[in-house]
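To start, the structure itself, in structure tokens.
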Amino acid sequence: MKHESQLARLGLFDARVPRYTSYPTAPHFSTAVGAPKFVEWIEAIPEGAAISLYIHVPFCRRLCWFCACRTQGTQTDAPVKAYAETLVTELGMLKKHLARGVKLSRLHWGGGTATLLPADSMRMVADAVFNAVELGEHGEFSVEIDPNEIDDERMDALAQSGMNRASIGIQDFDPFIQSVIGREQSYEVTAKVVDMIRSRGIDSLNTDILYGLPYQTKEKITESIEKVLTLKPDRVALYGYAHVPWMARRQTLIPSDQLPTPQQRLGLFERSQELFSNAGYDIIGIDHFALPSDGLSKALRTGLLRRNFQGYTDDLAEALVGIGASSISRFPQGYAQNESATGAHTGAIREGRFSTHRGHVFTPEDLMRARLIEMLMCDFAVSKQELVEQWGADPAVLDSEFAACVAKFGEMVEITETGLAIPEPGRPLTRMIARHFDAYDLSKAGHSSAI
1363 MKHESQLARL GLFDARVPRY TSYPTAPHFS TAVGAPKFVE WIEAIPEGAA
1413 ISLYIHVPFC RRLCWFCACR TQGTQTDAPV KAYAETLVTE LGMLKKHLAR
1463 GVKLSRLHWG GGTATLLPAD SMRMVADAVF NAVELGEHGE FSVEIDPNEI
1513 DDERMDALAQ SGMNRASIGI QDFDPFIQSV IGREQSYEVT AKVVDMIRSR
1563 GIDSLNTDIL YGLPYQTKEK ITESIEKVLT LKPDRVALYG YAHVPWMARR
1613 QTLIPSDQLP TPQQRLGLFE RSQELFSNAG YDIIGIDHFA LPSDGLSKAL
1663 RTGLLRRNFQ GYTDDLAEAL VGIGASSISR FPQGYAQNES ATGAHTGAIR
1713 EGRFSTHRGH VFTPEDLMRA RLIEMLMCDF AVSKQELVEQ WGADPAVLDS
1763 EFAACVAKFG EMVEITETGL AIPEPGRPLT RMIARHFDAY DLSKAGHSSA
1813 I
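Just so we're aligned, residue 1363 is where the sequence shown starts under the working numbering, counting upward by one.
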């Protein structure tokens, strides 16, 4: 209880902080970055470089109430097929600006529901991707698969197109909780889809689950995680449910009075962490778990773990290019985001121009602070030497900020011979500690709770 009281005193249970999958975070993007800047940054990618590519499909057959992603519902395939044609056009435009010999280190399809694409559209988009940029020798092609929206024909299309990692959103296996959050997906249906994936020779599997959902208890989340473990995923993302009905109106359908208290959320997280750890998974950062044989675990052990818009990654490509409505690209020079509205994005592509409408140009300080925050989020430790030698940090400024951080968080952080570290008891506060080094105005709405 003493530890929990310390966390409460430091604001863990009432703070709203970013997830820091980017720095600066998206609320700080501006319209100063448009299509010309996006093209400039694409053309600056050197010959033979490795890049990552993200394809966004903003459609769902049904809108899950818990989800705050920008998606739209459709009961027919017509808009999805038309959107796939737009993706093909956009990929063709991208190809014209890429240098020769650029390879893909990572390709990820997400949404929305990426598997809402019909099989022929899947093949068409995959062909367009690899016509624009080839998958590298050790490249990874992953797809978010909705077990309620997949069949043999579409699974064959993905496997034959080269998918070698699948990602399945589970959230929770309790039928009542599923009904409350508008996402009914039985264990049996999910297990069948896992069998479909593995029967096609795809051995790498990610799963996502949520804690902090209404009516969740330690007993219920234990039952769900035990079922997840029978699927033997290589990676698990354990995300805290962010209740932001002012941003996602569909969340008003979720009974807020039945959400666990912040203290109960911490208990749910700690129980989940215990179960995965006992099952042989390595703890990756603040909310991921991976088998020791998985790339994330290897990256953690070698100091190469990184963080991007998909969460934790072992991808070291300097450029992540986003294709599709609302997609965000990250370049060494800054961020560029496409139009969020599908119609606006599609209209721009049909006119032969990229839909980039906002973003951010990095300053040297941005890059230094981005790396500092990434170190905290990935390794719970900051290398002062790296920040000084590679990112131009002022040693005296770092010393001052490290001291201020210790003054604020006490024994939850510590100054070390190499820089700054977060010991085990302080790790629930990682995002708050990272926020201490955020130089931007943090009054922007939309950040999720700290735990």
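Ideal Cβ placement from N, Cα and C applies to all residues, glycine included.
Proximity to Val1395 across Ile1777, Gly1781 and Phe1716 peaks at Phe1716, based on C-alpha coordinates.
Remark: fewer than three beta-carbon pairs, one from each stretch, lie closer than 8 Å, so the region 1422-1440 and the region 1487-1496 are not flagged as touching.
For a cut-off of 8 Å, the C-beta gap from Tyr1416 to Gly1472 is around 7 Å, short enough to register as a contact.
The straight-line gap separating the alpha-carbon atoms of Glu1736 and Ser1384 is approximately 9 Å. Listed in chain order, the beta strand (DSSP E) runs fully inside the region 1611-1686 are 1644-1646, 1650-1652, 1668-1670, 1673-1675 and 1681-1685, counting runs of at least 3 residues.
When the beta-carbon positions are compared, Phe1503 and Ser1691 stay at least 8 Å from each other.
Spanning the alpha carbons of Cys1431 and Gly1657 requires a straight line of approximately 27 Å. Shown here, Val1775 sits in coil according to DSSP, grouped into three states, outside any helix or strand. Of Arg1627, Glu1585 and Leu1667, the smallest CA-CA separation from Ile1645 is found for Leu1667. The region 1409-1423 makes contact with the region 1474-1482; the number of CB pairs closer than 8 Å reaches 3 or more. Under a 10 Å Cβ-count criterion, Phe1535 is classified as buried, with 16 or more other Cβ atoms of the shown protein chains found around its own Cβ. Trp1471 has Ile1417 and Val1505 as its beta-bridge partners, per DSSP. Looking at the backbone, the Cα of His1707 and that of Ala1687 are separated by about 6 Å.
Taking every protein chain shown into account, the CB of Gly1531 has 16 or more other CB atoms within 10 angstroms, so this residue is buried. Ranked by Cα distance from Ile1507, the first of Gly1410, Met1558, Phe1428 and Leu1374 is Met1558.
According to DSSP, Thr1569 shares a beta bridge with Ile1530 and Val1598.
Here Leu1374 really is in contact with Pro1790; their C-beta atoms are around 6 Å apart, less than 8 Å.
Counting C-beta atoms within 10 angstroms of its own C-beta, Glu1701 has 16 or more neighbours from the protein chains shown and is therefore classed as buried. Assignment of beta-bridge partners to Leu1497 by DSSP yields Leu1466. Partner residues in a beta bridge of Cys1429, as assigned by DSSP, do not exist. Nearest to Gly1602 by C-alpha distance, out of Ile1512, Pro1624, Ile1616 and Ser1745, is Pro1624. Here the alpha carbon of Glu1776 sits roughly 19 Å from the alpha carbon of Arg1731.
Excluding its 5 nearest sequence neighbours in each direction, Ile1564 has C-beta neighbours in its own chain below 8 Å: Ala1521, Met1525, Asn1526, Arg1527 and Ala1528, listed in chain order. Closest option to Ser1548, judged by alpha-carbon separation, among Ser1523, Val1450, Arg1516 and Val1590: Val1590.
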